[in-house]
Structures are given as structure tokens and as C-alpha cells.
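Protein chains in written order, with my numbering: chain L, 103 to 398; chain U, 371 to 543. Cβ coordinates follow ideal geometry from the N, Cα and C atoms, glycine included. Structure record follows, encoded as C-alpha cells.
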């Protein structure tokens with residue numbers, strides 16, 4: 103009995119401490135940096151409405167009405183529009199450092215603190231992307247810590263993988279409570295919602311079987327992702343279906359940042375060889391315009 | 371000492387796993403038992419999310435929050451609605467406005483006190499605002515198929531009164 107328990111403990115330790123994950127976490131940081139620099143750069147353009155003194159978020163109001171206990175923001179102590187603008191500038195600057203691969207615990211901590219500060223300063227305009235990102239920035243921060251006992255990189259890598267699985271699992275299970283998903287018409291209610299659909303998808307009403315099929319594939323894939331992605335022979339197919347789902351979301355709905363964020367988290371499921379392959383392909387594509395233009 | 375650090379480390383991993391696994395389902399028995407202990411941690415780091423994207427149903431239908439600006443005699447002098455029909459080059463700007471609208475539609479108290487106060491800050495000559503929330507509908511697939519309705523048509527909005535927010539001095543300045 104004791105030897106079995108010890109075996110399980112060793113397996114647990116190997117899972118959490120023994121994974122490499124350096125390439126994946128490094129890629130995650132760079133891709134997150136690019137993604138967040140764009141997403142929060144766009145959010146910064148709307149700063150007056152979202153965060154300024156004359157904007158929709160009034161800290162005193164929110165503290166009285168919303169469940170704000172233990173939710174702090176730097177802008178509670180450094181209030182005023184100047185502080186918001188400086189905070190935004192620093193935040194975007196730190197994200198730019200992530201984009202070029204610069205890292206240390208202070209940069210990562212700065213990104214995390216400022217991200218949470220902006221989130222808490224106006225929770226009303228947060229949506230899925232902001233909440234998901236919080237976890238991955240936290241894991242990137244953990245990856246900085248390494249001692250004899252604590253391999254932060256490995257722990258961060260494993261938590262990032264588990265986080266993606268948890269997001270899909272809960273999202274899928276929650277869909278099982280919905281009548282529209284059982285009936286197969288859920289995708290239609292999304293495409294026919296002019297507040298979230300980008301274009302007129304009325305033409306899809308002539309393809310009801312496509313809608314029903316896509317609805318069921320989406321919910322089944324979400325529910326089983328957390329198992330299938332760990333099966334070596336099914337990992338790539340699982341990630342490929344996910345890519346189709348999220349590209350579809352990005353193209354059809356007004357939430358491209360959410361779609362691209364979920365896609366970039368897939369790097370934690372790729373091997374270093376696959377990441378190097380993608381990186382080389384990307385470099386080749388990036389050089390293509392230059393090569394084409396420089397041809398006689 | 372090394373063993374002690376190892377134990378703390380594994381306790382942290384277990385704790386974070388508990389947060390990640392239990393927080394999205396806080397209404398469960400385990401969730402209700404541990405929430406009082408993990409709430410400060412969850413709120414501090416903003417790990418509170420239920421991961422219910424387009425779930426249980428991919429609603430809600432199109433939503434609007436509407437208002438009438440009242441003068442000192444209580445007469446409506448202008449009206450407006452949010453989000454506006456303005457199109458934005460960057461989708462994120464529209465997405466956050468839709469998120470804000472949903473936030474207010476789901477709670478009349480927030481709608482009255484936060485949105486009402488914001489309108490007062492924006493319209494410094496207003497005495498108050500009468501507020502409504504409006505809910506549209508999603509076109510039926512067969513209606514769209516037969517051409518009776520466009521998929522982009524939110525239909526007739528069902529308007530519900532929320533209340534009146536009177537501008538206070540600290541809202542006006």
C-alpha cells in the first residue's frame with residue numbers, strides 16, 4: 103500500500119515538476135504579448151468612456167453596488183485620468199517587451215498587476231477574453247520562479263494545459279443545460295443575432311442540416327476536448343477541430359480577440375518540434391512579400 | 371527544511387487546482403463549502419469565472435438600454451439608447467458596449483444607480499433620467515428561409531420600465 107502511494111506521488115511530482123515546457127511557455131508569452139498589445143491597444147482608444155472620471159465607471163458607485171470585496175485596483179489609490187493614461191502606457195509598453203521576448207519577474211508582475219487593476223477598475227465591460235487572459239498571465243508569472251524544489255516553468259506549463267481543458271469542459275457541460283444546443287439550433291441563434299454576428303447569415307437558413315451538424319460537433323468537441331487532447335493519436339485532430347471552431351467564431355462574430363486568444367493557448371499542447379516548424383513557416387511567409395517585391 | 375518547502379509547494383498546487391476546478395461551479399456542494407475560504411484569493415486575482423460561453427443558451431437576444439432626459443419640471447426633453455447603431459472599425463469597442471448593456475439589463479439596481487449616474491455626468495443640465503430596458507428577438511429560421519423576416523432584423527423590442535434616476539449634486543459635478 104505504502105509503495106503504491108509513493109508511486110502515485112512520484113507520478114504526481116513528475117507531472118508537475120518534470121515537464122520541460124520552456125519552448126511552449128516562451129511561445130505563449132510572446133503570442134500573448136502580441137495579442138494583448140493589439141486587444142488592449144484598441145481598448146485604450148476607448149479609455150475615456152471605459153475608465154475616465156467622466157466615463158461609465160465610477161469607483162465609488164461600483165464599490166457600493168458590485169461585489170468588490172478583496173478586489174483592488176492601483177487606480178483606487180492613483181485616481182484621475184492622468185493615472186489611467188500613464189497606467190495604460192506602461193501596460194502596453196510591458197506587453198511590447200513581451201512581444202520581443204524580453205522577460206523577467208518584474209515585467210511579468212507589472213503586466214499582471216496592471217491587467218487586474220484595469221479589470222477591477224471597470225468589471226462591467228469585461229468579457230470572456232479578459233477573464234481567460236488573467237489565468238494565463240498568472241501562469242506566465244509563475245514560470246519565472248525556479249528553486250531546487252520549485253520548477254515554476256513546469257508548473258506553469260501544466261496549469262496552462264489544465265486551464266484550457268477546464269475552460270472547454272465547463273463550457274461544454276454548461277451547454278448541455280441549454281435547449282437550443284440539444285435541439286441543434288444554437289448556432290442559428292448566434293448567427294441570427296445582429297448584435298453579435300458580423301454579417302447577414304440569413305443564407306444559412308437554407309442549410310439547416312449544416313447548422314445542426316455544426317452545433318452538435320461544437321458541443322461534443324468542447325465536452326471531450328479535455329480527454330482527447332491527451333491522447334497522442336487524437337491530439338492534432340482535436341486541436342485542428344478547435345482551430346476550425348475558433349476561426350469560425352473570429353470570422354462570423356464580433357469577438358475576434360476571444361477566438362484568437364483561445365487559438366494561441368493551443369501552443370501549450372504542441373511539441374517543441376511542431377512549434378519550431380510553425381515558427382519557420384511563419385518566417386518564410388513573412389519573408390514572402392519581400393522576396394516577391396525584390397524579384398526582377 | 372527541503373521537505374517542508376516541498377509540502378508547501380504541493381499544497382499550493384492543490385489549492386490552485388481547487389480554485390481552477392471548483393470556482394466555475396460554485397453552486398455545487400463542494401463549491402459552497404470552500405467558497406468562503408477561497409473567495410478572497412479568487413477576488414484578489416480575479417479568478418472568478420464560470421466559463422459559460424454561449425451557455426446554457428447562446429442568448430441573450432439583442433438588448434438596448436433606453437432613457438428620457440427630464441428637466442426640472444419632469445418633462446422629457448430628449449431621449450437616447452445604448453448601444454447606438456454606430457459601427458466601429460474595431461469590433462472590440464462594440465463588444466464591450468454590448469457587454470455593458472447586458473450588465474445593466476440583468477440588474478435594475480445597477481442600471482439605475484451606475485448608468486443613471488453616468489448619464490447625469492454626461493448631461494450636466496439634466497434633472498433626472500427615466501430608464502428602460504428593451505429586449506429584441508432572434509428571427510425564426512423558417513421565417514428567414516421563407517423571406518418573411520431578415521436575419522438582421524431584431525424585431526419589435528419589448529420595453530420594460532426600470533425607474534427614474536434623479537441627478538444628485540455629486541453626479542452633476
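Looking at the backbone, the Cα of residue 276 of chain L and that of residue 322 of chain L are separated by about 12 Å. Each residue's CA atom was taken as its position, placing residue 178 of chain L and residue 166 of chain L some 14 Å apart. Around residue 180 of chain L, the same chain offers no residue with a beta carbon nearer than 7 Å, after the five sequence neighbours per side are excluded. Only 461, 462, 463, 464, 465, 466, 468, 469, 470, 473, 479, 480 from the segment 461–481 of chain U bring a Cβ to less than 7 Å from some Cβ of chain L. Per DSSP, the continuous alpha helix (DSSP H) segment holding residue 178 of chain L begins and ends at 176–179. Sixteen is the threshold: when 16 or more other Cβ atoms of the shown chains lie within 10 Å of the Cβ of residue 437 of chain U, as they do, the residue is buried. A residue is called buried when at least 16 other Cβ atoms come within 10 angstroms of its Cβ; residue 457 of chain U does not meet this threshold and is exposed. Assigned with DSSP and collapsed to three states, residue 505 of chain U falls in strand. Within the same chain, and ignoring the five residues on either side of residue 263 of chain L in sequence, the residues whose Cβ sits closer than 6 Å to its Cβ are 370. Within the segment 438–490 of chain U, the beta strand (DSSP E) runs of at least 3 residues that lie entirely inside it are, in chain order, 446–452. One thing to note: residue 156 of chain L has its Cβ no nearer than 7 Å to the Cβ of residue 480 of chain U.
Under the 10 Å beta carbon count, residue 471 of chain U is surrounded by 16 or more other beta carbons and is classified as buried.
The straight-line gap separating the alpha-carbon atoms of residue 507 of chain U and residue 431 of chain U is approximately 5 Å. Annotated as distal: residue 261 of chain L and residue 243 of chain L, with beta-carbon spacing of 7 Å or more. In this structure the segment 294–308 of chain L touches the segment 503–521 of chain U; the number of beta carbon pairs closer than 8 Å is three or more. Boundaries of the beta strand (DSSP E) around residue 529 of chain U: 528–536. Closest in alpha carbon position to residue 532 of chain U, among U/499, U/386, U/383, is U/499. Taking a C-beta cut-off of 9 Å against chain U, the contacting residues of the segment 270–281 of chain L are 270, 271, 272, 273, 274, 275, 276, 277, 278, 279, 280, 281, listed in chain order.
Taking residue 423 of chain U as reference, the option from L/283, L/162, L/146 with the minimal CA-CA separation is L/283. In chain order, 258, 261, 262 place their CB closer than 6 Å to the CB of residue 241 of chain L, counting only its own chain and leaving out the 5 sequence neighbours on each side.
Counting C-beta pairs closer than 8 Å gives three or more between the segment 403–422 of chain U and the segment 225–238 of chain L, which meets the contact rule.
About 12 Å separates the CB atoms of residue 200 of chain L and residue 127 of chain L; that is not less than 8 Å, and the two are not in contact. Within chain L, not a single residue places a beta-carbon under 7 Å from that of residue 499 of chain U; the smallest gap is close to 14 Å.
Relative to the Cα of residue 451 of chain U, the nearest Cα in the group U/433, U/443, U/462 belongs to U/433.
Looking only at U/466, U/465, U/398, U/530, the smallest Cα-Cα distance to residue 477 of chain U is reached by U/530. Annotation for residue 329 of chain L: the continuous alpha helix (DSSP H) segment containing it runs 310–330. Distance from residue 110 of chain L to residue 413 of chain U at the Cβ level is roughly 33 Å; contact not present, criterion being Cβ atoms closer than 8 Å.
Under the three-state reduction of DSSP output, residue 173 of chain L falls in the coil class, being neither helix nor strand.
Pairing residue 487 of chain U with residue 163 of chain L gives a Cβ-Cβ distance under 7 Å. The beta-carbon distance between residue 524 of chain U and residue 296 of chain L, rounded to whole angstroms, is 6 Å. This is short enough to meet the 8 Å contact definition.
Taking a cut-off of 8 Å on C-beta distances, the segment 266–275 of chain L touches the segment 312–326 of chain L, as three or more cross pairs fall below it.
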